[in-house]
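Okay, so here's the structure we're looking at.
There are 2 protein chains.
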Amino acid sequence: HKEDLELAAVYVSDAQHNRNIFFDTEPTAVRLYLLYNHWLLGVLLYFFILVNLLLAVVEQPALVYLPIWACMLVELCCLSVFSGRLVHYAKVIPRDKFWKDPKNICVLIILLLTLVDMIIYGALKATDNYAVRWSRVLRPLLLVNFTEGRQLRRAFRSIRNALPQILSVFLLFIFSILIFSLMALKLFGKRGLKTNDGRPYFTNFLEVVFDLYVLVTTANSPDIMMPAYNASSFFAVFFIIFILINTYIFMSVFLAVVYNNYKKYLKEEVRQLVRTKRHKMVRAFAILQERHEGWEEPVVSHTSWNQLVRLVQSDLSHAHRELLWSVADHHNQGFIGKLAFVQLADLLNIQVIAVKSRPHPLQRWSPALYLSTPSRWLCRAVKHRVFVMIYDVIILVNAVFIGLDEEDPLIGNSEWFFLSLYLLEILLKLYAVEPRAFYSRHNFWNWFDTIIIVSALVATIINTAMTSVGGYSSRQILDIVFTLRVLRLIRVVDSIKRFRVILNTLIKIGPTMLTFAQLIIVVYYIFAMVGMELFHGKLQFFDSESPGKSSCGNPALQDSSFAKMNYCKNNFNNVVSSFILLVELTVVNHGFTAVTHPSARIFFVLFHIIVVIIIINIFVAFVLEAFFVEY
Amino acid sequence: HKEDLELAAVYVSDAQHNRNIFFDTEPTAVRLYLLYNHWLLGVLLYFFILVNLLLAVVEQPALVYLPIWACMLVELCCLSVFSGRLVHYAKVIPRDKFWKDPKNICVLIILLLTLVDMIIYGALKATDNYAVRWSRVLRPLLLVNFTEGRQLRRAFRSIRNALPQILSVFLLFIFSILIFSLMALKLFGKRGLKTNDGRPYFTNFLEVVFDLYVLVTTANSPDIMMPAYNASSFFAVFFIIFILINTYIFMSVFLAVVYNNYKKYLKEEVRQLVRTKRHKMVRAFAILQERHEGWEEPVVSHTSWNQLVRLVQSDLSHAHRELLWSVADHHNQGFIGKLAFVQLADLLNIQVIAVKSRPHPLQRWSPALYLSTPSRWLCRAVKHRVFVMIYDVIILVNAVFIGLDEEDPLIGNSEWFFLSLYLLEILLKLYAVEPRAFYSRHNFWNWFDTIIIVSALVATIINTAMTSVGGYSSRQILDIVFTLRVLRLIRVVDSIKRFRVILNTLIKIGPTMLTFAQLIIVVYYIFAMVGMELFHGKLQFFDSESPGKSSCGNPALQDSSFAKMNYCKNNFNNVVSSFILLVELTVVNHGFTAVTHPSARIFFVLFHIIVVIIIINIFVAFVLEAFFVEY
Ligand code: NA
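In structure tokens:
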């Protein structure tokens, strides 16, 4: 009976946390499954995935140099952790299910390919040959394909589902660009116009297509239009219609298609989730069910229900458990049917905010003092609107002081004054409000305040100590102090109601934003790896005045506007600069302008299609949806 | 009785065309009202509004020079037409209603101010003083405030309704920029960094705010980041977070707010429209109603209904009218109640697509020939899928020929071949399909084909004639010929089903796009007028190599990147270049970079806020909504 109860508890726990693994029901497998779900193993897996991804920092082309054997050793370590996790998973679920699941196959193939690549790379490097670590592009896929990456897999599935419709619009969009290119070729090609850097203007069809594609991204606007416009004002009409159709209409249609599919798919996923949850709960019910006299349907008794809940969530208070039972058994029969039982998973997820007002620790320590008239008066004052307004004014005055020159000793010392005022505020609030209530999970701003103020205090003390001892202040610590000082000002927004609504929506989006961050890291990482293999060393960044500065160390860019604008650090020479470059390319794809070889354009066009047309639109769709629901 | 019937007919016609003017019901006023609604007067009004707007072309700073007295004369003429229209409107509706309506007051004030401005301007110019025609910014407002601009007024009302929410987000957005600016000032200001053109980097708070605002528009990305990034890779984090929050999140939130309000407001407007329509129909019913024995409720008899419908829509066939009656009187009682009567306006708007297959004119002319076996076979062949496919292939081959060099005589002559093929296609289709059905209103592509092919034929003939007679071909006509040739290729899209769906949605958006075009013209016109007063003559465009070319004729821009990029023609020297510049500023606000005086920045920031944050978002919202509904 104990094993049955444990199995039922696992089902309920799965339903509660939306896990959809259909594990083996043998007792040993169930125990392994419980271990598999342990949060520590999950954290460990993510840690090693992170280490594996961060290897790019120390691998060739490296930001911090580490010998090849050391990188290989770390990577082998990661691979063995991944293999261990996969074997563990294989032992938990039935064998046939394991081999049917594409994500397991995917992980397995990634592990094997990585191993093969490491061997080849090691051998080639040992014999001083040229070698490419091509399996590095596979690393971020581990993030997607391990069971924990459920949210991320959902995002990728939603993209895959939207692809056919996106493709239709995309083909039409390309057709439109081709038509406009042909027209541009015919209209401008024979006029003998020259671009600003003296090349012939719109004479080669493929060049025209590329230039007009870049115009859609607005990266070369209005440069590409100027030669024609300078020849005749009338030609501006061509470019205006082009931008209207391709930049505004088509990009909006892309957003519409992505948004529509995202919404449709999200609904389907939620339906699937509900179904899985119900399925798990029905299984748990089937284990615990018993017959009750005078009832046709099987039921679950209060006793087994109690045992089950105690197993699933041991930290639940007796009162809370009784409350849940009374909700389920609202006819007070001492047993519940299937329908009431299935709701348990959702009931457990409802956070019962303790309505009981716990007494303040100071009150328990000295009731007479805490409940005395001055003390009560202080508590009332702290909770009063005027108190909030006074501190808003303090924050504004502080903002002015921050803006002034901090080398003036008066301004420099004012920092101590403001810091103590902020500390006083937190202490007063802690006096008036029960600390555990003050720091409860949904009190974002209290957490924010405390963390910022305490860190600012620590950093300011360190900075002052360093200045008074060594007579010098560290630039890094000063940066942190300044940043924290300015961040403190954000708090003023929370006291204005119209802003609070918007801000709360943004804060609520936060967790889902993490899934999005993973998605973009997967895509960026793949592009960074490919970009580093293709372009590393093509550009050099020179810190001081050096002869190579005017060409970024590349003769093809000698006196180009790219070098003149000091863009040389936008290169693929290491993983950090690659990531920063990719962010820049997302914002404005100026990479188009730095191309020294036509075929490299494919890389930038592909990046634009995937990141700007698909990923950014999903992000916008997602912010839109959040605001439609919340606001 | 006749006058009653006429009044009822006016009510029904108003309901049918969604007019919501509550006119005087005196017979003379009704007759004036009928005249007021005449399409010719509407067209005349729009023509004079257009003339009034186009005056900017000939006024100082002029594209085409016209003496001041001529401009004034034309404008006076326009003003008298507008006054006439306003007086006409005043005679149509009750006096108290006229003075209560803000749009009439608005038109009146615009007319008076314009007159005052003209007098002052004339007097100042006559005495050779400096004068500004400030009332020109009011001109586009006439487009909004005349009764005909209902759609446009609705768009402006929707913007006004969204303003409070937009303002909340905007203030938060500005707060975010201020916080980031303060942080940037503290982090980068003391480091002694220099921008690419040697100015100190991030040392003045207002400069920082402006630079970061421009970064939101991505117009100065990545230039503004490079000095900090070159100093330390770590600082890129600041800019990445800035762009994430301000460019991506805030801009999406703006879209969400605009979209939400747009949708909400649209629903309210539709409800209002339905209410007005019902109200008009109830009034018409009240006029025609009579008592029928055995019925408590008043009714309208078949006879008066028939007379009414004949007055409202005289071109309706007897059969169609009987069909409508049978729909209304579905119990066949010979009279209808209020409920059935009110539906009439909507019934009249339903386009009954004639199901009856009218015989082909050729069939009537010679049935034996048209219905003979070869003729039937030809008709079947033309309607066959293979026929469409053959022409798709022809179009593709044509595309290749267009891409090739047209100076080759073979290619040049091939045009005639393709033109005759296309003509043949249209003739064959006209043979197979009844011409009136072929050119019915919803057959967009048939109209498109015919217009393009016939114009191409005419242009090609003119071109050939000119070449063979004068031995020279006009560049303008060649441009038209080339454009038409390429446009012909678009047709291929219609034969692919997945594209047709998207394209049909875009075509359906068309008419509403016109309202949007008016909206943008109103805003652009106002900015163009202000811009011309503020900035005209600041930049000069030099066609050939001249000493002023490197500075656009402005010493402040000597050797600036603006002049070097050949942007000199982007100026406010006349209304056409102003409009083109404003379109460019909408796409990428590079105007930010050409500012010679800090206060001029206000103009560009204001333009960005109004056009990009509000107007473009409404456009996107509108395309999104169309696609959500249609696709
Ligand atoms: Na842009």
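Residue numbers (the numbering used here), protein chains in the order written: chain A, 1 to 631; chain B, 1001 to 1631.
Just so it is clear, CB atoms sit at the ideal spot from N, CA and C, and this is done for glycine as well.
The shortest CA-to-CA distance from residue 1107 of chain B to any of B:1074, B:1441, B:1143 is the one to B:1143. Leaving aside the five residues that flank residue 1568 of chain B on each side, the residues in its chain whose CB is nearer than 6 Å to its CB run, in chain order, 1539, 1541, 1552. Apart from sequence neighbours up to five positions away, the residues of its chain that approach residue 1445 of chain B with a beta-carbon distance below 8 Å are 1491, 1494, ordered along the chain. If you draw a 10 Å sphere on the C-beta of residue 1475 of chain B, you find fewer than 16 other C-beta atoms in it, and that means exposed.
In the assembly as shown, residue 1003 of chain B is an exposed residue. Its beta-carbon has fewer than 16 other beta-carbons within 10 Å.
In the DSSP annotation of this structure, the continuous segment of the alpha helix (DSSP H) that includes residue 510 of chain A starts and ends at 497-535.
Unbroken alpha helix (DSSP H) stretches of 4 residues or longer found wholly inside the stretch 39-98 of chain A: 39-58, 68-92, given in chain order.
Along the stretch 1199-1221 of chain B, going in chain order, the ones with a CB nearer than 7 Å to a CB of chain A are 1205, 1218, 1221. Residue environment for residue 1599 of chain B: exposed (fewer than 16 other C-beta atoms within 10 angstroms of its C-beta). Under the Cβ criterion of 7 Å, residue 584 of chain A is counted among the residues facing chain B. Listed in chain order, the positions of the stretch 1303-1322 of chain B with a beta carbon within less than 7 Å of a beta carbon of chain A would be empty, since no residue qualifies. Per DSSP, residue 1359 of chain B is not a residue of any alpha helix (DSSP H), being assigned neither H nor E.
Counting only the Cα atoms, residue 1039 of chain B lies some 32 Å from residue 1484 of chain B. Rounded to the nearest whole angstrom, the C-alpha separation of residue 1043 of chain B and residue 1031 of chain B is 19 Å. With respect to the 7 Å criterion, residue 274 of chain A and residue 341 of chain A are not classified as neighbours on the basis of their beta carbons. Within 10 angstroms of the beta-carbon of residue 1149 of chain B lie 16 or more other beta-carbons, which makes it buried. By the Cβ-count criterion, residue 77 of chain A is exposed, with fewer than 16 other Cβ atoms from all chains shown falling within 10 Å of its own Cβ.
Only 479, 482, 483, 486, 489, 490, 493 from the stretch 470-496 of chain A bring a Cβ to less than 7 Å from some Cβ of chain B. Per the Cβ contact rule, the stretch 1108-1118 of chain B is in contact with the stretch 1131-1138 of chain B (3 or more Cβ pairs under 8 Å).
DSSP, reduced to helix, strand and coil, places residue 190 of chain A within a helical segment of the structure shown.
Taking a Cβ-Cβ threshold of 7 Å, the residues of chain A close to residue 1252 of chain B are 620, 623, 624, in chain order.
When CB distances to chain A are screened at a threshold of 9 Å, the residues of the stretch 1394-1425 of chain B falling below it are 1399, 1402, 1403, 1406, 1407, in chain order. Proximity of residue 366 of chain A to chain B, defined by a Cβ-Cβ separation below 7 Å, is not satisfied. Under the 10 Å beta carbon count, residue 55 of chain A is surrounded by 16 or more other beta carbons and is classified as buried. Listed by position along chain B, the residues whose Cβ is nearer than 8 Å to that of residue 229 of chain A are 1569, 1580. At the C-beta level, residue 1068 of chain B and residue 1125 of chain B come within 7 Å of one another. For residue 1188 of chain B, not one C-beta of chain A is nearer than 7 Å to its own C-beta. Per DSSP, reduced to three states, the secondary structure at residue 1299 of chain B is strand. For residue 1425 of chain B, same chain residues with a beta-carbon under 7 Å away, outside a window of 5 residues either side, are 1391 in chain order. A distance below 7 Å between beta-carbons, with the five flanking residues on each side excluded, links residue 316 of chain A to the following residues of its chain, in chain order: 309. DSSP places residue 335 of chain A in the strand class (E or B) of the three-state scheme. Separation of the CB atoms of residue 1057 of chain B and residue 1064 of chain B is rounded to 6 Å, and the pair is thereby assigned contact status at 8 Å.
Counting the other Cβ atoms within 10 Å of the Cβ of residue 1059 of chain B gives 16 or more, which makes it buried. When only Cα atoms are considered, residue 1499 of chain B and residue 246 of chain A end up about 15 Å apart. Per the Cβ contact rule, the stretch 1528-1538 of chain B is in contact with the stretch 1564-1580 of chain B (3 or more Cβ pairs under 8 Å). What residue 196 of chain A touches in chain B, judged by beta-carbon distance under 7 Å, is 1565, 1566, going in chain order.
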